[in-house]
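Protein chains in written order, with the working numbering: chain L, 1 to 708; chain P, 1001 to 1285.
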């Protein structure tokens, strides 16, 4: 065996600073694109690795073969019968095929296929030298990366996230030559450009990383991340411990090519500001890390990460501290102003905040929410004092017009709570302001505060009913208003609050119907609002399904339970959950599949009978039960029916499945010994009615036909 | 280095890079981008390199002279280069050195910041440049202006002169900046800030502003029809500032606000289209 020669290949796309959020997904894409082409061209490699700094996207291919594999390909030509004429001469079809593939017609051989005999020939593709293919693959990688936003910067109008300024393309020591976006590939790059923008020559891929490190660039993002954590720990060890924020580390990691940690301080007087405010000032405005003192208390230290080596730290520290001081001074100014202004004065200002052009202002929304919470309070029997509830609603969104939220919108709710407490509101009210936004995401924490539960539900159902009334229901994957998240939150809160979850779903539906009545007139009577209620109810059912899917139930289990719930008037959200649990358990039983099959069979017979216009009676005529097995079945089912109804009432679904298991052999016996489709019409009809009687027993409990 | 020296050094630096040193445009505007030397001249294919100081007005940012960092009137130093030089980041770093900020000694960072001007129908991608955490400059590769995709692409570099000066002079208040060796920024502008804040927030005549807005909007439309887009553009600048005044006065509901922005954008767009037509016709001659 000949030993194959392998080398390492390197691609560095040198750019101006990339947005940090763009980088991770693109590293994944580079791998995929390269892998795809290596595979389809038969070029072997041992490993593809990708790296990035803010100014370079790097791909390193280890063990890349010197040439692609030889490949043998069979090419099928014209059918034999049209390839030669009656005299045995090649026809035009054959000659053209041979010409096209650059072979002599005599070289064509017969190939027997399922569709008849054909001419074919075997084409041998010799492998190609890697250095000839690699330019193509590198170009494909560069051209096919996708970014959330792209720009143009030079005359060829090439699009990329930010300008490309240099490209290293090496296979071993050889430069792989190509040109894209006006940049010719080469074997040089630059180091930390804000420090030294001179060219750095890379002789071969293996020494790239070390050479870059000598030029103050840590190319490997994992190494850089560890380095950031290490130097932060080192910097704070004498004063306390850093409040480690992984998302900030991630961001900072892609903002620097070489990190240096600088320990800074701010004036202690700002420690009077809420920690949430201090933290966001540091993180959002300055990408700095907050520090706890040795007693675990928020301190006036913070860590800034400088891009580059540790020289001139004093100058940079002074700068960081000055900027943070200005930010904190601003925040303090907002904070004191907001407190001076109070929350109640903001209620009127909400008249100027548009919730949605067609729906109206936040103020108007709150007026509706007041009516909705009152309704919910009563319907759910929450027994919260209505005046308290009204006050909580009024204050719930007052922080939206505060100066702090204008500067830091992500603190909404959080500031509301802080301000309410400072201004002497009760803890319960303050907490409800923060929690009425819960859950913040589809899987976020639910509100625990009872008032917040009601306001969150009311806020959500108001948004949904209004949005659906102006035709903004969601289609496909687009969901610009986040209606899915809002609806999932709505359902999750109800499922987790037993007082609500135990109510019949029909009651919940009728409450939702009443909510539509609170909408402004222009929303109720426009063409888009037609069927808005029905569409919303359907939307909720879909969300119920997705919530349970997330909880690990299978699609078919959910369908079987949800289908039945949609026809069962007394079914509740709790019962959906307990039936799902019972069904999941029941499916583990050995004979469950057999039961499902039997019930499907019953369903099929009934459906067929309905199509044939057989009148199915509610009651079974006992006098027409002549065979023993149908008598036994009827009386057993009759007895079981009451028991099952009783179990269902008590949510004891496991017992229901026990009962079904008891009956199953009798049904089998019935099918074995009795001919349903009897010649005697009255017998036939009665037997179908008997089957229907059995089926009815489980309607509203489980839809067996949905099970696979 | 005093305030006026910083400006002079920047002018000298960019003149050396081949930029003409333009002067401020004689209308009120929110930023250097509104100057026709940027808005109109970034359109079309002719190379264009320019640098200038732009006094900029943001009525809503007024603080009656009481906030050390916020002003309703301030200075931008604006550079536009079309096409954008390949080494523009390096050129910019060198410009910092001339005003006493040696980039090797500071933490200079290019932090993603996509720029958009809804009233001008303009957007671009680029960065905010941070010097030791301070936002010193806006750095943008223009992609569209007046809704028109650009080719070649211009780079716009906008220095916040007061911020940079405060940093260089180590001042905590803009009013303490040394304008020259005798006068401070406060000596020159503090009373302006106080009076203009009163005007912007309390004393403007809303009816008059609205009327003027409508008149200048009509004027822009009329002048475009007359095929004189350059004067028409002045009317756009006027509308934009009138809108800013109305906004600062809190005279617009959210819905009205959106409407006004849309109106300015619409005329900005028609003016840009007409301007492009004129220069293309001229090029054919």
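By construction, the Cβ of each residue, glycine as well, lies at the ideal position given by its N, Cα and C atoms.
For residue 702 of chain L, the CB contacts under 7 Å within the same chain, skipping 5 residues up- and downstream, are 560, 561, 564, 579, 583 in chain order. Here DSSP, grouped into helix, strand and coil, assigns residue 264 of chain L to strand.
Counting only residues of its own chain and dropping the five nearest sequence neighbours on each side, residue 1125 of chain P has a CB closer than 6 Å to the CB of 1114, 1141. Closest in alpha carbon position to residue 1129 of chain P, among L:17, L:402, L:489, is L:17. Taking the beta carbon of residue 1156 of chain P as reference, no residue of chain L falls within 9 Å; the closest one sits roughly 13 Å away. In chain P, no part has a C-beta under 7 Å from the C-beta of residue 555 of chain L; the shortest such distance is about 41 Å. Note that the C-beta distance between residue 625 of chain L and residue 619 of chain L is not below 8 Å.
The count of Cβ pairs closer than 8 Å, one atom from the region 1099-1107 of chain P and one from the region 1218-1237 of chain P, stays below three, leaving the stretches out of contact. Take residue 270 of chain L, set aside five residues on each side of it, and the residues of its chain with a beta-carbon closer than 6 Å to its own are 328, in chain order. Annotation note: the region 141-225 of chain L contains the following uninterrupted alpha helix (DSSP H) runs of length 4 or greater, listed N- to C-terminal: 208-214.
For residue 1143 of chain P, the enclosing beta strand (DSSP E) covers residues 1134-1145.
Counting only residues of its own chain and dropping the five nearest sequence neighbours on each side, residue 183 of chain L has a CB closer than 8 Å to the CB of 164, 165, 166, 167. Three or more beta-carbon pairs separated by less than 8 Å are not found between the region 210-228 of chain L and the region 146-159 of chain L, which leaves the two stretches without contact.
At the C-beta level, residue 9 of chain L and residue 208 of chain L stay beyond 8 Å of one another. Under the three-pair Cβ rule at 8 Å, the region 1240-1249 of chain P counts as touching the region 1022-1033 of chain P.
DSSP lists no beta-bridge partner residue for residue 409 of chain L.
Going by beta carbons, residue 1066 of chain P and residue 1161 of chain P fall outside the 8 Å limit. Scanning the region 251-333 of chain L from its first residue to its last, the whole beta strand (DSSP E) runs of 3-plus residues come out as 259-265, 289-293, 298-307. The C-beta distance from residue 1072 of chain P to residue 1193 of chain P rounds to 6 Å, short enough to meet the 8 Å contact threshold. Residue 122 of chain L is bridged by DSSP to L:74.
Taking the C-beta atoms as reference points, residue 121 of chain L is found nearer than 8 Å to residue 75 of chain L.
Per DSSP, residue 1179 of chain P is not a residue of any beta strand (DSSP E), being assigned neither H nor E.
Closest in C-alpha terms to residue 1074 of chain P, from the list P:1117, P:1258, P:1188, comes P:1188. Scanning chain P for C-beta atoms nearer than 8 Å to the C-beta of residue 323 of chain L yields 1132, 1133, 1134, reported in chain order. Counted as a single uninterrupted DSSP element, the beta strand (DSSP E) harbouring residue 10 of chain L occupies residues 6-15. Within the region 306-323 of chain L, the residues whose Cβ lies closer than 8 Å to any Cβ of chain P are, in chain order, 306, 307, 308, 311, 312, 315, 316, 318, 319, 320, 322, 323. Taking a Cβ-Cβ threshold of 8 Å, the residues of chain L close to residue 1114 of chain P are 149, in chain order. The alpha carbon of residue 211 of chain L has as its nearest neighbour, out of L:196, L:315, L:191, L:224, the alpha carbon of L:191. Rounded to whole angstroms, the gap between the alpha carbons of residue 415 of chain L and residue 434 of chain L is 8 Å.
Where residue 1078 of chain P is concerned, the enclosing beta strand (DSSP E) starts and stops at 1073-1082. With a threshold of 8 Å between beta carbons, residue 1069 of chain P makes contact with chain L.
Taking each of L:322, L:440, L:265 in turn and checking the Cα distance to residue 300 of chain L, the smallest one comes out for L:265. For residue 541 of chain L, the enclosing alpha helix (DSSP H) starts and ends at 532-550.
Residue 489 of chain L sits in a helix when the DSSP states are folded into three classes. DSSP, read as helix, strand or coil, puts residue 1194 of chain P in helix. The region 487-501 of chain L and the region 568-575 of chain L touch, with three or more beta-carbon pairs separated by less than 8 Å.
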